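K.L.:
The structure's right below; bear with me while I get my questions together.
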Amino acid sequence: MINPYGVTNSPKIKGLNSSKPATVNNTRLYKAVDITRHNAKTILLGASRIETGINPNSSLLKAYQPVYNLGIPAASLYEQRRYLEYAVAYQPELELVILGIDLWLMANPRKTRQGFSEARLKSKGLSLREFLDINFSIDTLTKSIETISSNNYRVKYNYYGENGLRNTEYLSNIKFTHWLGNPLNRKEYKINEFALENLKLIKEICQKNSIELVVFITPPHASHIEAVHIGGFGHVIPEMKREIVKIMPVWDFYSYNSVTTEPLDTVTNYRDSSHMKTEVGDLILSRIFGDREQTVPSDFGVMITPDNIESELTKMSDIRKSWLGEQPETVKFLHDLKQGKTSL
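What follows is the structure, given as structure tokens:
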């Protein structure tokens, strides 16, 4: 009745179970079921920067509707490939895939994360065993009570909209610096060949099924990019871009530009250093699809290919040098974080 995970067809009743906070911590389950409820012509594929940063209802996607956001938090390229295969199997009208690549996932050694199930992606809907496990368990009872409570008392919980976009209201409590510790303190950061193989497979799946594939590199805030450098792995960034363009041309927004370089005390484009707001997502879509109704900063986004990759990498290096001189306070703050002189 309450359906806290949003995976059965029980009705949504306002004030009782229309908002489903449990879906967010069970995204891999929820979206495997939810995608089969849609006849999507366009899928937004990627990790958390996609699930929170690209709005399926954007006016810039009007010509490509219906659109479903299949972004999944920290999803590896393997997981993204498997969910794409699943979507292709049950979305016969699928015509376009917009893939946002988080560069850090190109170095992620993990094949899957908690909640991923190969068995779940082999057939439409839930197996009998999973249906029983979900609907008749103490965890489900607990989540049902939490769902009723959140709907009655208007508690700020995360949940997904009808088209897969994550509600970010609850995330407003997360500090801008929350994710900076990851790139600053990595022990290892190198290209994962398995990730590259799955990127190639994503391309092949789309080609085989006559689906247009549009790919872009997601843009964190400049402070997040610089944290990679301070962490000792700045050299990996160009290596990753070189490997990606060997597979396909890609729109590159991962750089120091007028969108990503807002001073830390006046940031409006980002929720935190890693995650852009949907307004930035609209700028990305405008650049990709050549929309003339919205003004996009001239330095935001460029198509990179094997022919121009080296010149674009040189530009990024030069712009970074200028940025370092323009924002010494941000640079000092990042070094202080690295050295433990200040906290997140």
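In the working numbering, the protein residues as written are 541 to 884. C-beta: ideal position from N, C-alpha, C; glycine also. It should be emphasised that the depicted structure is a prediction, and the values quoted were computed from it without experimental measurement.
Going by CA-CA distance only, name the one from Arg706, Gly841, Arg827 that's closest to Ile612.
P.N.:
Arg706
K.L.:
Can you give me the Cβ contacts of Thr808 inside the same chain, cut-off strictly under 7 Å, excluding the 5 residues immediately before and after it?
P.N.:
Glu802
K.L.:
Can you give the Cα-Cα distance for Leu753 and Thr576, rounded to whole angstroms?
P.N.:
20 Å
K.L.:
In whole angstroms, give me the CA-to-CA distance for Glu658 and Ser862.
P.N.:
47 Å
K.L.:
Threshold first: 3 residues or longer. Then list the beta strand (DSSP E) segments lying entirely within the stretch 800 to 848, N to C.
P.N.:
842 to 844
K.L.:
So, with DSSP's three-state summary, where would you put Thr854?
P.N.:
helix
K.L.:
Tell me which residue opens and which closes the alpha helix (DSSP H) that Tyr608 is part of.
P.N.:
From DSSP, Tyr608 is part of no alpha helix (DSSP H) but of the beta strand (DSSP E) over 607 to 609.
K.L.:
Is it buried or exposed, Arg832, if we count other Cβ atoms within 10 angstroms and call 16 or more buried?
P.N.:
Exposed.
K.L.:
Please report how far the alpha carbon of Asp847 lies from the alpha carbon of Lys855, in whole angstroms.
P.N.:
Roughly 14 Å between the two C-alpha positions.
K.L.:
For Pro649, does the count of other Cβ atoms within 10 angstroms reach 16, so buried, or fall short, so exposed?
P.N.:
exposed
K.L.:
Here's the rule I'm using: 16 or more other beta-carbon atoms within 10 Å means buried, otherwise exposed. How should Glu866 be labelled?
P.N.:
exposed
K.L.:
Please check the pair Arg860 and Gly841, which I expect to be a contact at CB under 8 Å, by giving their CB distance rounded to whole angstroms.
P.N.:
Going by Cβ atoms, the distance from Arg860 to Gly841 rounds to 17 Å, so no, they are not a contact pair.
K.L.:
Answer with buried or exposed for Phe793, where buried requires no fewer than 16 other C-beta atoms within 10 angstroms of its C-beta.
P.N.:
So Phe793 ends up on the buried side.
K.L.:
Can the beta-carbon of Asp805 be found less than 8 Å from the beta-carbon of Lys715?
P.N.:
no
K.L.:
Here's the rule I'm using: 16 or more other beta-carbon atoms within 10 Å means buried, otherwise exposed. How should Ser616 be labelled?
P.N.:
buried
K.L.:
Just the C-alpha distance for Pro544 and Arg782, rounded to the nearest angstrom, thanks.
P.N.:
With a pLDDT of 49 at Pro544, under the threshold of 50, the modelled position of this residue cannot be trusted; read the value that follows with caution. Roughly 44 Å separates the two Cα atoms.
K.L.:
Measuring straight from C-alpha to C-alpha, what distance separates Ile751 and Leu636?
P.N.:
Cα-Cα distance, rounded: 5 Å.
K.L.:
Who are the near neighbours of Leu864 in its chain, counting only those whose CB is closer than 7 Å to its CB and skipping five residues on each side?
P.N.:
Val871
K.L.:
By how many angstroms is the C-alpha of Ala603 removed from the C-alpha of Phe829?
P.N.:
11 Å
K.L.:
For the beta strand (DSSP E) that Gly640 lies in, which residues bound it at each end?
P.N.:
636 to 641
K.L.:
Bridge partners of Thr576, per DSSP?
P.N.:
DSSP, once it has assigned bridges, lists no residue as partnering Thr576.
K.L.:
Just grab the DSSP bridge partners of Glu752 for me.
P.N.:
Leu636
K.L.:
Terminal residues of the continuous beta strand (DSSP E) containing Thr582?
P.N.:
582 to 585
K.L.:
Reducing DSSP to helix, strand and coil, say where Ile757 ends up.
P.N.:
strand
K.L.:
By Cβ distance below 6 Å, which residues in the same chain neighbour Asn738 in space, the five residues on each side in sequence not counted?
P.N.:
Leu617, Tyr618, Arg621
K.L.:
Grouping DSSP H, G and I as helix and E and B as strand, with all else coil, what is Tyr700?
P.N.:
Look at Tyr700 here: in three-state DSSP terms it is strand.
K.L.:
Have a look at Glu869, His875, Ser795, Thr800 and flag the residue whose alpha-carbon is nearest the alpha-carbon of Ile844.
P.N.:
Ser795
K.L.:
Taking only the alpha-carbon atoms, compute the straight-line gap between Ser838 and Val607 and give it to the nearest angstrom.
P.N.:
27 Å
K.L.:
Buried or exposed for Gly880, going by 16 or more other Cβ atoms inside 10 Å?
P.N.:
exposed
K.L.:
Within this structure, are the beta carbons of Gly655 and Arg568 separated by less than 8 Å?
P.N.:
yes
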